[in-house]
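Just below is one structure, and these are the notes that go with it.
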Amino acid sequence: MTAPEPPEASPDTASGGPLEAPADYPLRFEGAAVVLGGRTIWSGVNLDVRAGEFVAVLGPNGVGKSTLVKAALGVVPLSAGRVEVLGGEPGAAGRAIGYLPQRRSFDGGLRIRGIDVVRLGLDGDRWGVPLPGASKFFSRRRHDDERLDEVIELVGARSYCERPIGQVSGGEQQRLLIAQALVRRPKLLLLDEPLDSLDLPNQSSVAALISRICREEGVTVVMVAHDVNPILTYLDGVVYVAKGGAVSGRPTEVITSTTLSRLYDTPIEVLTTSDGRLVVVGQPEAPAHHSDRHTGLPR
303 MTAPEPPEAS PDTASGGPLE APADYPLRFE GAAVVLGGRT IWSGVNLDVR
353 AGEFVAVLGP NGVGKSTLVK AALGVVPLSA GRVEVLGGEP GAAGRAIGYL
403 PQRRSFDGGL RIRGIDVVRL GLDGDRWGVP LPGASKFFSR RRHDDERLDE
453 VIELVGARSY CERPIGQVSG GEQQRLLIAQ ALVRRPKLLL LDEPLDSLDL
503 PNQSSVAALI SRICREEGVT VVMVAHDVNP ILTYLDGVVY VAKGGAVSGR
553 PTEVITSTTL SRLYDTPIEV LTTSDGRLVV VGQPEAPAHH SDRHTGLPR
C-alpha cells in the first residue's frame with residue numbers, strides 16, 4: 303500500500319497512461335468523493351492498494367468506511383474523482399472480486415448446511431440445469447466440487463460444514479462465509495467488519511485466517527474494521543477515514559497522534575499499552591470501543 307502523495311512524473315504519467323500495470327494495484331482511488339442526500343461523506347480520497355496486501359479501513363462510526371467498499375463495488379457512485387478496480391471500472395470485475403457484507407445473523411432453525419452456503423458462491427447466480435451438453439455440465443460440477451473441498455479445507459471448516467448453518471458458532475459461520483467469498487478464486491477480497499460480534503478468541507483466529515489466505519492464495523484483502531488491535535500484526539497498510547477525507551499508509555505512519563490530529567483537526571493522542579494494543583484518546587472514539595451499529599449514518 304502506498305501513501306497518497308502523487309508519484310513523480312514519468313513517460314506514462316505525462317501521457318495520461320497508467321502508472322503501473324493494473325495487476326500491481328488492484329484498488330485505486332484518485333481524488334474520490336461521495337455525496338449522499340446532499341451530505342459529503344468524504345472527498346479528496348487518494349488510495350493505492352498493492353497486489354497481495356492486507357489493508358484495513360478504520361475510523362469511527364458514521365464516517366463512511368463501508369461506503370468506501372461499496373464505491374469499490376460500484377454500488378455507490380462517486381460524486382468526483384475516480385476509482386479503478388482490477389484495472390477497470392467498479393462493478394465490472396465480476397467473479398474476480400469476493401465480497402463479504404457486514405455480518406448477518408442466521409436463524410438457529412435454518413436447516414441449510416454450511417457447505418451449501420459456500421456452494422452459493424459458485425452457483426448462486428445459476429438457474430436450473432442446462433440440458434444441452436450435459437457432459438460439460440457434469441465436468442463443471444466435478445470441478446466445482448473439487449474447489450469446494452479446497453476452500454472448506456482452507457478455512458478449517460471440514461468438521462462442521464455438513465451441519466446446518468444456524469447450528470454452528472458465530473466464528474464457524476464467519477469462516478464458512480469467508481469460504482463462500484473465496485470459492486471463485488477472487489483476486490480482490492472485500493470484507494465488511496468480518497470480526498463484528500465475535501468474541502476475542504474468534505476475532506484472533508479469523509484475523510489469522512484472513513492473513514493466511516492473503517499470503518497463501520495471493521489475494522488482496524481490504525477489510526473494514528472497528529478495532530485495529532486483533533489484526534494489527536497482520537496488516538500491510540491502513541486507511542483511516544475521517545468526516546470529509548482519509549489518510550492511508552503503513553499502520554505506524556497513520557495511527558499516530560500527529561497524523562490523526564491533522565486528519566481530524568483536533569488534538570488526538572495515540573497510546574500503546576504494555577501488551578501492544580493501541581488506545582486513541584480524544585475524538586474520534588477509540589477504534590477498540592466503536593459500537594457495533596450506527597443507525598442512519600454511513601459506516
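Under my numbering, the first residue of the sequence shown carries the number 303, and numbering increases by one thereafter.
Ideal placement from N, C-alpha and C gives every residue a C-beta, glycine not left out.
As the structure is a prediction and not an experimental result, all values here were calculated from the model.
Look at Ile343 here: in three-state DSSP terms it is strand.
Secondary structure of Tyr327 (DSSP, three-state): coil. Exposed is the label assigned to Asp567, since fewer than 16 other Cβ atoms lie within 10 Å of its Cβ. When the five nearest sequence neighbours on each side are left out, the beta carbons in the same chain lying within less than 8 Å of the beta carbon of Val351 are those of Met303, Tyr327, Pro328, Leu329, Arg330, Val357, Thr522, Val524 and Gly539, in order along the chain. Nearest neighbour of Ile557 by Cα position, chosen from Leu490, Asp577 and Leu534, turns out to be Leu534.
DSSP places Thr568 outside any alpha helix (DSSP H), giving it a letter other than H or E. Under the DSSP assignment, Thr522 falls in the beta strand (DSSP E) whose first and last residues are Thr522 to Val526. Taking the Cα positions, Pro403 is about 11 Å away from Asp498. Positions of the beta strand (DSSP E) runs, each at least 3 residues long and wholly inside the stretch 326-400, are given as 329-338, 341-351, 356-360 and 382-387 in order along the chain. In terms of Cβ geometry, Leu484 and Val453 form a close pair [threshold 8 Å]. In the DSSP assignment, Asp425 falls within the alpha helix (DSSP H) that extends over Gly416 to Asp425. Between Pro503 and Gly472, the alpha-carbon positions lie close to 11 Å from each other.
The residue from Asp494, Arg514, Ala459 and Thr575 with its alpha-carbon nearest to that of Ala373 is Asp494. Per DSSP, the unbroken alpha helix (DSSP H) holding Gly472 starts and ends at Gly472 to Leu484. Residues Pro306, Phe331, Glu332 and Gly333 of the same chain have their beta carbon placed closer than 7 Å to that of Asn348, with the five preceding and five following residues left out of the count. Contact between Gln476 and Arg405 is confirmed by a C-beta separation of about 7 Å, below the 8 Å threshold. Contact check for Ile467 against Val419 passes: the beta carbons are separated by less than 8 Å. Under the criterion of beta carbons closer than 8 Å, Pro532 and Ser506 qualify as touching, at roughly 6 Å.
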